[in-house]
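Chemist: All the letters of the sequence shown, read from the start, carry residue numbers -8 to 251 under the working numbering. Built from N, CA and C at the ideal position, the CB exists for glycine as well. The structure displayed is predicted, hence computed values, not measured ones. For reference, the structure I am asking about is given below.
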Amino acid sequence: MARLEGKTALITGAGSGIGRETCLLFAREGAEIVAVDINLETAQETAAAARELGINATYAKADVSKAADCERMVRHAEETFNKLDILFNNAGIMHGEDEDAVNTDEAIWDLTMAINLKGVWLGCKYGIPALRRAGGGSIINTASFVALMGAATPQIAYTASKGGVLAMTRELSVVHARENIRVNALCPAGVWTDALVEWRASQPDPEQVDDYLNRLHALGYCPEPAEIAVAAAFLCSDEARFMTGAIVPISGGSECGYKL
């Protein structure tokens, strides 16, 4: 029996990267999929790819910083599949103009917080009642290794937003534990998402970027999004039924004293 058979999973940021690979892995593990992204076309593409694996899958467009969009995506999941068992709050941004505390513009701070932190709260605000109606379930929030140790290169809004995700995860895990709702967080470091690939290509010396990323991870390489999806699948499976409030580094040892 597949690990997630009979489950319905809603994944935000599902149009690419970690979100897309998680949708496809969850589908292979038997879950029905609600692929959510701010880009409707990529959400549709991910849902279509999941259906090709023989799984029922739908999609929704949502800006996770907007309450109405988050309420709508959860309602769509329940109307389509009659329940929601898994919520993966994965959508997020890392803005190119996010710098140190002195030089980061207020608008960049507000945008980053709205998506990375408020978006997780809104997902939980509307997702938790749905999980209650299903008799319990699992929430996974995407944080970052920089929330554990700070960033070597200044990105104050991103780091602060991901620190907030960790604090929120811990509180939610305690508050909702007796409702059979588990809440855990993943902390990746660098990952070969489309955004990272594009940023690498834009740099004057892409090979220098490769060297940096290899040194960033103690294991010596930058992972593909599918390697993060594996951890998400474990956290929302019955194998992790005694895990809640866990902050799970999946960073190749980056937070253990990497060398830049």
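Could you pull the start and end residues of the beta strand (DSSP E) that Ser129 belongs to?
Modeler: Start and end: 128 to 133.
Chemist: Would you report the Cα separation of Gly243 and Ala180, rounded to the nearest angstrom?
Modeler: Going by the C-alpha atoms only, they are around 8 Å apart.
Chemist: I'd like to check one pair, Ala53 with Leu15: are the Cβ atoms closer than 8 Å?
Modeler: Taking 8 Å as the Cβ cut-off, Leu15 and Ala53 do not qualify as a contacting pair.
Chemist: Is the distance from the Cβ of Ile131 to the Cβ of Phe79 below 8 Å?
Modeler: Against a cut-off of 8 Å, the Cβ pair of Phe79 and Ile131 comes out as a contact.
Chemist: Check the Cβ-Cβ distances between Ile24 and every residue of chain E, and say whether any is below 8 Å.
Modeler: This model lacks chain E altogether; it includes just one protein chain.
Chemist: Taking Ala138 as the reference, which of Asn107, Thr235, Phe233, Val65 has the closest Cα?
Modeler: That would be Asn107, whose Cα lies nearest to the Cα of Ala138.
Chemist: For the beta strand (DSSP E) containing Val166, list its first residue and its last residue.
Modeler: Note, Val166: premise wrong, no beta strand (DSSP E); alpha helix (DSSP H) at 147 to 166.
Chemist: With distances taken from CA atoms, which of Asn81, Tyr117, Glu20, Glu36 is nearest Ala59?
Modeler: Here the closest residue by C-alpha is Tyr117.
Chemist: To which residues of the same chain is Arg42 closer than 6 Å at the C-beta, ignoring the five residues directly before and after it?
Modeler: Once the five neighbours on either side are set aside, the close Cβ partners of Arg42 are Ala48.
Chemist: Are the CB atoms of Gly6 and Thr37 nearer to each other than 8 Å?
Modeler: The answer is yes: Cβ separation under 8 Å.
Chemist: I need the straight-line Cα distance from Asp89 to Ala186, nearest angstrom please.
Modeler: Looking at the two C-alpha atoms, the distance is approximately 15 Å.
Chemist: Quick one, which of Ala0, Ala51, Ala148 has its alpha-carbon nearest Val93's?
Modeler: When only C-alpha atoms are compared, the closest one is Ala148.
Chemist: Helix, strand or coil, according to DSSP, for Asp60 in the structure here?
Modeler: It is helical.
Chemist: When the distance is taken between beta carbons, is Val55 closer than 8 Å to Leu1?
Modeler: Going by C-beta atoms, Leu1 is not nearer than 8 Å to Val55.
Chemist: DSSP beta-bridge partners for Pro214?
Modeler: Paired residues: none, contrary to the question.
Chemist: For Arg(-6), I'd like the list of residues in its chain whose CB is within less than 6 Å of its CB, leaving aside the five on either flank, ordered along the chain.
Modeler: Closer than 6 Å at the Cβ level, and outside the excluded window around Arg(-6), lie Glu20, Ser228.
Chemist: Rounded to the nearest angstrom, what separates Thr160 and Glu170 at their Cα positions?
Modeler: Taking the straight line from one Cα to the other gives about 15 Å.
Chemist: Determine the closest residue to Ala237 out of Ala134, Trp183, Ser193, Met140, with distance taken between C-alpha atoms.
Modeler: Out of Ala134, Trp183, Ser193, Met140, Ala134 has the C-alpha closest to the C-alpha of Ala237.
Chemist: Quick one: give me the first and last residue of the alpha helix (DSSP H) that Cys14 is part of.
Modeler: Element bounds for Cys14: 8 to 19.
Chemist: Give me the Cα-Cα distance between His167 and Thr(-1), rounded to the nearest whole angstrom.
Modeler: C-alpha separation (whole angstroms): 19 Å.
Chemist: So the beta strand (DSSP E) Val27 belongs to, where does it begin and stop?
Modeler: It spans 23 to 28 - the beta strand (DSSP E) in which Val27 sits, taken as one unbroken run.
Chemist: Can you give me the Cβ contacts of Ser245 inside the same chain, cut-off strictly under 6 Å, excluding the 5 residues immediately before and after it?
Modeler: These residues qualify, in order along the chain: Phe136, Ala180, Leu207, His208.
Chemist: Mark Ser129 as exposed unless 16 or more other C-beta atoms lie within 10 angstroms of its C-beta, in which case mark it buried.
Modeler: Classification of Ser129: buried, given that the 10 Å Cβ count is 16 or more.
Chemist: Assuming Arg173 is part of the beta strand (DSSP E), what are its boundary residues?
Modeler: Here the beta strand (DSSP E) through Arg173 covers 172 to 179.
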